[in-house]
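> Numbering (my numbering), first residue to last: 5 to 282.
1. Have a look at 46, 154, 171 and 170 and flag the residue whose alpha-carbon is nearest the alpha-carbon of residue 181.
2. Taking the CB atoms as reference points, tell me whether residue 18 and residue 197 lie closer together than 8 Å.
3. Quick one: measure Cβ to Cβ for residue 139 and residue 165, integer angstroms, because I've assumed they're closer than 8 Å.
4. How big is the Cα-Cα spacing for residue 194 and residue 28?
5. For residue 226, which three-state DSSP category applies?
6. The beta strand (DSSP E) spanning residue 207 covers which residue range?
7. For residue 86, which of 106, 254, 16 and 110 has the nearest alpha-carbon?
8. CB residue 192 to CB residue 142, shorter than 8 Å?
9. Using three-state DSSP, classify residue 114 as helix, strand or coil.
10. How big is the Cα-Cα spacing for residue 269 and residue 215?
11. Judging by CA-CA distance, which residue of 230, 130, 258 and 135 is the nearest neighbour of residue 177?
12. If you draw a straight line from the alpha carbon of residue 232 to that of residue 212, how long is it in whole angstroms?
13. Distance, Cα to Cα, residue 156 vs residue 200?
14. Taking the C-alpha atoms as reference points, what is the distance between residue 271 and residue 190?
15. Can you give me the start and stop residues for the alpha helix (DSSP H) that residue 109 sits inside?
16. Which full runs of the beta strand (DSSP E) of 3+ residues lie inside the stretch 115-146, going along the chain?
17. Using the C-alpha atoms, what's the distance from residue 274 back to residue 263?
18. Would you say the beta carbon of residue 196 is closer than 7 Å to some non-hydrogen atom of the ligand ADP?
19. Tell me the rounded alpha-carbon separation between residue 203 and residue 13.
20. For the beta strand (DSSP E) holding residue 165, just list the boundary residues, first then last.
21. From this set, 118, 112 and 94, which residue's C-alpha is nearest residue 81's C-alpha?
22. Could you check whether the stretch 101-115 touches the stretch 51-62, counting it as contact only if at least three pairs of C-beta atoms, one from each stretch, sit closer than 8 Å?
23. Ignore the nearest five residues each way along the sequence and tell me which others in residue 71's own chain have a CB closer than 6 Å to its CB.
24. Buried or exposed, going by whether 16 or more other CB atoms sit within 10 Å of the CB of residue 168?
25. Please classify residue 84 as buried or exposed, where buried requires at least 16 neighbouring CB atoms within 10 angstroms.
26. CB residue 170 to CB residue 223, shorter than 8 Å?
27. What does residue 92 pair with, by DSSP beta-bridge criteria?
28. Reducing DSSP to helix, strand and coil, say where residue 189 ends up.
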C-alpha cells in the first residue's frame, strides 16, 4: 500500500504485547516516508521486529516546537509521515499535540490509526464506572503539588485515572489514602499486556498494604484508578462553591474558601483550587 502524500498518520503501537499491533498500523508504517518517534531507541526494535526499515526522526518535548516546522515542510513537499510514541496512543501523556496542531493549521490532513491505550485498557478491566471518567495522567513530581491536586479531586464524582511510575507508586498510594480516605475503592493495573501483568483492587488501605508487602508490585508501569466520590460529597462541593462564590465578592479567596468549607463540609482546597474551573 502506498501512503497518501502530504498526510500525518497518528499511529498507536502496542503497550507491551507486540501481538496487539493492528494490520493497518503495520501497513501505514511500511508505506510512509518518515516516522516521527518519541524515542528512536524504543521504536527501532519495534520496527525491526516487523521487518520495517524507514527513516526515523526523534520528536520529543524538548524539540517539538522547532521540529514541527521541518516536518510540515516535508509534508508540504508531498511526504507522508507517521507519528508514534514509545507505547500506546500518541499524545496521551506523550508528545505530539504541537505537531498535530501545527499540521492542521497548515491545512494538512491528520488521520488516526487507533490501537492500544493503557488508560482505556485499564478502565476496561477495573470494574469501576466507565461511562464518565477523568484522566489526570502523571501528577507532579513534587509531593506537595501532588497531594494538593488529589485533595482538589477528592469530591470529583467521576472515576479518576492516573499514570504512575515504579519509584513513586508507594508515595502515590499514601497520598491517595490521605486525600480520598481509607475506604475509597482503588484499582492498580500494572504492566498491562506484559508477562507480569497484575490488577489489584480493593480499598485504598488494603491495596496500599499489598503493594508495600510485595516488592514485585512496586515494579513496572502503573495505571491507578480511583472510584468517584459518593453523591453526598458532590452535593457538599456544589454547596461549598455556591457559598464561596458569594463570599469572594467581599473577602479574599483564601478566607472565603475557609469559611465556605466550614459551612458546607467541602474540602477547602477543592473550593480554592477549583474556583478557576467553576
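The C-beta atom is built at its ideal place from N, Cα and C for all residues, glycine as well.
Remember, predicted model here, so these are calculated numbers, not experimental data.
Concretely, from the data shown:
1. Position 177 of the chain shown, counted from the start, is the residue given in the question as residue 181. If we check each option's Cα against that of residue 181, 154 comes out closest.
2. Taking the chain shown and counting its residues from 1, the one referred to as residue 18 is at position 14. Taking the chain shown and counting its residues from 1, the one referred to as residue 197 is at position 193. Yes; because the gap between Cβ atoms is below 8 Å, this pair is in contact.
3. Position 135 of the chain shown, counted from the start, is the residue given in the question as residue 139. Position 161 of the chain shown, counted from the start, is the residue given in the question as residue 165. Distance from residue 139 to residue 165 at the Cβ level is roughly 5 Å; contact confirmed, criterion being Cβ atoms closer than 8 Å.
4. As a first step, residue 194 is located in the chain shown; it is residue number 190 there, counting from the start. As a first step, residue 28 is located in the chain shown; it is residue number 24 there, counting from the start. Between residue 194 and residue 28, the C-alpha separation is close to 27 Å.
5. For this step, residue 226 is matched to residue 222 along the chain shown. Taken through DSSP and simplified to helix, strand or coil, residue 226 comes out as strand.
6. As a working note, residue 207 is residue 203 in the chain shown. If you look at residue 207, you'll find it in the beta strand (DSSP E) that goes 202-207.
7. Numbered from its first residue, the chain shown carries residue 86 at position 82. Among 106, 254, 16 and 110, the Cα nearest to that of residue 86 belongs to 16.
8. Translated into the one-based positions of the chain shown, residue 192 becomes position 188. Translated into the one-based positions of the chain shown, residue 142 becomes position 138. In this structure, residue 142 does not lie closer than 8 Å to residue 192 by Cβ.
9. Along the chain shown, one-based indexing puts residue 114 at 110. Looking at residue 114 - three-state DSSP - the assignment turns out to be strand.
10. Here the question's residue 269 lines up with position 265 in the chain shown. Here the question's residue 215 lines up with position 211 in the chain shown. C-alpha separation (whole angstroms): 32 Å.
11. In the chain shown, counting from the first residue as 1, residue 177 sits at position 173. Comparing Cα-Cα distances from residue 177 to each of 230, 130, 258 and 135, the minimum goes to 230.
12. Locating residue 232 in the chain shown gives position 228, counting from the first residue. Locating residue 212 in the chain shown gives position 208, counting from the first residue. Distance between residue 232 and residue 212, taken at the CA atoms: about 18 Å.
13. Translated into positions along the chain shown, residue 156 becomes position 152. Translated into positions along the chain shown, residue 200 becomes position 196. Counting only the Cα atoms, residue 200 lies some 33 Å from residue 156.
14. Working through the chain shown from its first residue, we reach residue 271 at position 267. Working through the chain shown from its first residue, we reach residue 190 at position 186. The alpha-carbon atoms of residue 271 and residue 190 are separated by roughly 20 Å.
15. Reading the chain shown from its first residue, position 105 is the one you call residue 109. Its alpha helix (DSSP H) spans residues 101-109.
16. Entirely contained in the stretch 115-146, the beta strand (DSSP E) runs reaching 3 residues are, in chain order, 137-142.
17. Position 259 of the chain shown, counted from the start, is the residue given in the question as residue 263. Position 270 of the chain shown, counted from the start, is the residue given in the question as residue 274. So the alpha carbons of these two residues sit roughly 13 Å apart.
18. The ligand content of the structure shown is nil, which means the ligand ADP is not present either.
19. Translated into the one-based positions of the chain shown, residue 203 becomes position 199. Translated into the one-based positions of the chain shown, residue 13 becomes position 9. Computed Cα separation, rounded: 32 Å.
20. The count along the chain shown starts at 1 and reaches residue 165 at position 161. In the DSSP annotation of this structure, the continuous segment of the beta strand (DSSP E) that includes residue 165 starts and ends at 163-169.
21. Along the chain shown, read from residue 1 onward, the residue named residue 81 stands at position 77. Considering only alpha carbons, the answer is 112.
22. Counting Cβ pairs under 8 Å, fewer than three are found: no touch.
23. Here the question's residue 71 lines up with position 67 in the chain shown. Answer for residue 71: 63, listed in chain order.
24. Taking the first residue of the chain shown as 1, we reach residue 168 at position 164. Label assigned to residue 168: buried.
25. Translated into positions along the chain shown, residue 84 becomes position 80. Answer is buried; the Cβ neighbour count reaches 16.
26. Taking the first residue of the chain shown as position 1, residue 170 is located at position 166. Taking the first residue of the chain shown as position 1, residue 223 is located at position 219. For the pair residue 170 and residue 223, the CB atoms are nearer than the 8 Å cut-off.
27. Counting from one through the chain shown, the residue named residue 92 turns up at place 88. Bridge partners of residue 92: 17.
28. For the purposes of this step, residue 189 is taken as residue 185 along the chain shown, with counting starting at 1. DSSP places residue 189 in strand when its eight states are reduced to three.
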